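Student:
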Amino acid sequence: MIGTAQTNQNRLRVLIPEEKLRARIDELGAQIRRDFGDKPVTCVCVLKGSFIFAADLVRAIGGEVKCEFLGVSSYQGGTQSSGVVKITKDLSKPIEGQHVIIVEDIIDTGLTLHYLLEMLSVRKPKSLSVCTLLDKPANREVDMAADYVGFAIPDEFVVGFGLDFAELYRNLPYVAVYTP
Ligand code: PRP
Numbered sequence: 005m006i007g008t009a010q011t012n013q014n015r016l017r018v019l020i021p022e023e024k025l026r027a028r029i030d031e032l033g034a035q036i037r038r039d040f041g042d043k044p045v046t047c048v049c050v051l052k053g054s055f056i057f058a059a060d061l062v063r064a065i066g067g068e069v070k071c072e073f074l075g076v077s078s079y080q081g082g083t084q085s086s087g088v089v090k091i092t093k094d095l096s097k098p099i100e101g102q103h104v105i106i107v108e109d110i111i112d113t114g115l116t117l118h119y120l121l122e123m124l125s126v127r128k129p130k131s132l133s134v135c136t137l138l139d140k141p142a143n144r145e146v147d148m149a150a151d152y153v154g155f156a157i158p159d160e161f162v163v164g165f166g167l168d169f170a171e172l173y174r175n176l177p178y179v180a181v182y183t184p
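Going by the numbering used here, 125 is the number at position 121 of the sequence shown; the sequence numbering is gapless.
1) Can you give me the C-alpha to C-alpha distance between PRO184 and LYS43, rounded to a whole angstrom?
2) Using a Cβ-Cβ cutoff of less than 7 Å, which residues in the same chain neighbour LEU32 once the five nearest sequence positions on both sides are dropped?
3) What would DSSP say about ASP168, mapped onto helix, strand or coil?
4) Counting pairs of Cβ atoms below 8 Å between the segment 139-153 and the segment 106-120, do you hit three or more?
5) What alpha helix (DSSP H) runs, 4 residues minimum, are completely inside the segment 112-143?
6) Whole alpha helix (DSSP H) runs in the segment 28-89 with 4 or more residues, listed along the chain?
7) So does ASP151 have its beta carbon nearer than 7 Å to some heavy atom of ligand 1?
8) Just to confirm my understanding: we take GLY164, look at its own chain, exclude 5 residues before and 5 after, and list those with CB closer than 6 Å. What are they?
9) Find the nearest neighbour of ASN143 within the set LEU167, SER133, ALA156, judged by alpha-carbon distance.
10) Run the proximity test for VAL48: is its beta-carbon closer than 7 Å to any non-hydrogen atom belonging to ligand 1?
11) Under DSSP, the beta strand (DSSP E) around ALA180 begins and ends at which residues?
12) Taking the alpha-carbon of PRO105 as reference, which of LEU121, LYS97, ILE91 has the nearest alpha-carbon?
13) For GLU160, which residues of its own chain have a beta-carbon under 6 Å away from its beta-carbon, when the five flanking residues on both sides are left out?
14) Restricting to Cα atoms, I'd like to know which of PRO158, HIS103, PRO129, LYS140 is closest to ASP39.
15) Can you pull the DSSP bridge partners for VAL18?
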């Protein structure tokens, strides 16, 4: 048991510690609330990766916030995007006429976000913005930019704070570089 834990720890290098995440998410929430004034916003949490970020972000935004969940998978267990975006769970309510914010954990190739923006814009939201905790601009395959970015990161495979490798490490309270 101890041996396994040590082996896994050796594969992890902390990139963004817990305190930095907390402080930046508070800033993002305040910035979003300033931009939208006292208007209600609908946060679309893109599962599974953004569930931890979204939980903190919606509390940092404050005021009237609706929470919706969208299940999406593109990595299918590996460290490279498959390029095929699969919807595993659709929104439970219409978003027409609402100020919608897509909440992502990471933008990597941009393929997932490209697909989601097309998919959600036809549902006629009043506005559609994107907030991502992490942005890996070096790896883009389509030109995509978020309205709100927590941290730009280098082209390394990261886990923790919702992000996984083979479904593990989502529960780490920090973001770490993972070396398989
Ligand atoms: C991750 C992440 C984003 C997407 C970004 O999801 O949560 O949705 O990949 O990558 P891209 O910019 O290259 O498209 P993943 O498919 O790993 O599913 P998960 O969130 O359930 O882990």
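Note that CB positions come from ideal geometry on N, CA and C, so glycine has one too. It should be emphasised that the depicted structure is a prediction, and the values quoted were computed from it without experimental measurement.
Tutor: Taking the definition as stated:
1) Locating residue 184 in the sequence shown gives position 180, counting from the first residue. Locating residue 43 in the sequence shown gives position 39, counting from the first residue. Put simply, the backbone Cα of PRO184 is about 44 Å away from that of LYS43.
2) Here residue 32 refers to the residue found at position 28 of the sequence shown. Its chain contains LEU61, ALA64, CYS135, TYR152, GLY154 as the residues whose beta carbon lies nearer than 7 Å to that of LEU32, once the 5 sequence neighbours on both sides are disregarded; these appear in chain order.
3) Along the sequence shown, read from residue 1 onward, the residue named residue 168 stands at position 164. If DSSP states are grouped into helix, strand and coil, ASP168 belongs with coil.
4) Contact between the segment 139-153 and the segment 106-120 is present, because at least three Cβ pairs lie under 8 Å.
5) Runs found: 115-125.
6) At a cut-off of 4 residues, the continuous stretches assigned as alpha helix (DSSP H) that sit fully inside the segment 28-89 are 55-65.
7) Taking the first residue of the sequence shown as 1, we reach residue 151 at position 147. For ligand 1, not one heavy atom lies less than 7 Å from the Cβ of ASP151.
8) The count along the sequence shown starts at 1 and reaches residue 164 at position 160. Exclusion of the five residues before and after GLY164 leaves TYR173, LEU176, TYR178, VAL179, ALA180 as the residues of its chain whose Cβ lies within less than 6 Å of its Cβ.
9) Position 139 of the sequence shown, counted from the first residue, corresponds to residue 143. The shortest Cα separation from ASN143 among LEU167, SER133, ALA156 belongs to ALA156.
10) The count along the sequence shown starts at 1 and reaches residue 48 at position 44. For ligand 1, no non-hydrogen atom lies closer than 7 Å to the CB of VAL48.
11) Here residue 180 corresponds to residue number 176 of the sequence shown, with the count starting at 1. ALA180 -> beta strand (DSSP E) spans 179-182.
12) On the sequence shown, residue 105 is found 101 positions in, with the first residue counted as 1. Looking at the sequence shown, residue 105 is not Pro but Ile. Cα-wise, what sits closest to ILE105 is LEU121.
13) Your numbering for residue 160 matches position 156 in the sequence shown. For GLU160, same chain residues with a beta-carbon under 6 Å away, outside a window of 5 residues either side, are VAL181 in chain order.
14) Looking up residue 39 in the sequence shown gives position 35. From the listed residues PRO158, HIS103, PRO129, LYS140, the smallest Cα separation to ASP39 is found for HIS103.
15) By 1-based counting over the sequence shown, the position of residue 18 is 14. Paired residue(s): ALA180.
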